[in-house]
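Asker:
Numbering (our numbering), first residue to last: 4 to 238.
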């Protein structure tokens with residue numbers, strides 16, 4: 004199993020910075036970074052392909068709440084330890100509930116940056132955003148600060164809420180070895196090596212899912228314009 008060398012880690016960092024500055028839609032940036040990753044760290048890219056294939060065969064994320072179904076409630080701590088309930092958010096308007104893998108994930112960082120750029124339009128229609136991650140508050144604070152997010156970042160410790168939505172997955176030994184340069188046990192406060200499938204649920208004020216994006220391939224995310232349009236319809 005080939006670990007990521009310091010030189011290749013630096014190349015990935017530079018590739019991320021180039022993709023972050025690209026003009027164009029979010030998924031073009033994500034594809035560009037994925038292409039760079041396939042060149043720089045091919046062992047990891049191939050392992051991810053196998054993971055995505057396995058998840059697809061097992062219906063990964065398929066049983067998460069669908070449009071027209073009720074979104075299960077949550078009460079989770081934000082980056083400051085304050086409890087945030089879905090019901091209190093919905094009292095103010097429709098909400099996009101977004102699941103991210105972690106502060107260390109470049110795809111999540113590209114994703115949240117694109118969402119932040121659309122936040123003024125989202126706020127103008129009376130809608131809200133909330134992010135959910137399996138990391139402890141030390142790292143949700145870092146994620147929010149590094150990205151400049153103006154919305155709550157909640158801790159789903161041990162992926163409890165993600166598990167209830169059929170979104171939590173075990174990465175497997177191969178990915179665990181290839182990601183050994185990331186201290187997920189410290190980030191999560193456990194050594195389960197489980198992550199949520201990145202997903203977005205647009206929830207109307209009545210608590211019903213109006214739209215969703217669930218893809219076992221974390222290299223693809225909900226288009227930001229689709230997110231804005233879904234929130235507009237739910238408003």
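Using N, Cα and C, we set each Cβ at its ideal position, and we do this for glycine too.
Tell me whether residue 113 sits in a helix, a strand or coil according to DSSP, three-state version.
Answerer: Three-state result, residue 113: helix.
Asker: Between the segment 77 to 88 and the segment 109 to 124, are three or more C-beta pairs nearer than 8 Å?
Answerer: no
Asker: For residue 164, which residues of its own chain have a beta-carbon under 7 Å away from its beta-carbon, when the five flanking residues on both sides are left out?
Answerer: 77, 79 and 135
Asker: Which same chain residues end up closer than 8 Å to residue 32 when comparing Cβ atoms and leaving out the 5 residues on each side of it in sequence?
Answerer: The residues 22, 23, 25, 113 and 117, in chain order, have a CB closer than 8 Å to that of residue 32 in the same chain once the five nearest residues on each side in sequence are set aside.
Asker: Quickly, what does DSSP pair residue 189 with across the bridge? List them, please.
Answerer: DSSP output for residue 189 lists no bridge partner at all.
Asker: Taking the C-alpha atoms as reference points, what is the distance between residue 225 and residue 28?
Answerer: 11 Å
Asker: Does DSSP put residue 172 in a helix, in a strand, or in coil?
Answerer: Shown here, residue 172 sits in a strand according to DSSP, grouped into three states.
Asker: So what does DSSP say about residue 1, is it helix, strand or coil?
Answerer: One cannot answer for residue 1 here, as it falls past the ends of the chain, which runs 4 to 238.
Asker: Between residue 213 and residue 70, how many whole angstroms is the CB-CB distance? I'm expecting something under 8 Å.
Answerer: 6 Å between Cβ atoms; contact.
Asker: Looking only at its own chain, which residues have a Cβ that is under 6 Å from the Cβ of residue 82, when we skip the five neighbours before and after it?
Answerer: 140, 143, 144, 147 and 156
Asker: Please report the distance separating the alpha-carbon of residue 55 from that of residue 64.
Answerer: 11 Å
Asker: If you follow the beta strand (DSSP E) that residue 134 is in, where does it begin and where does it stop?
Answerer: 131 to 136
Asker: Return yes when the Cβ of residue 152 is within less than 8 Å of the Cβ of residue 115, no when it is not.
Answerer: yes
Asker: Tell me the DSSP secondary structure of residue 7 in three-state form.
Answerer: coil
Asker: For residue 39 versus residue 18, is the C-beta spacing smaller than 8 Å?
Answerer: In terms of Cβ geometry, residue 39 and residue 18 form a close pair [threshold 8 Å].
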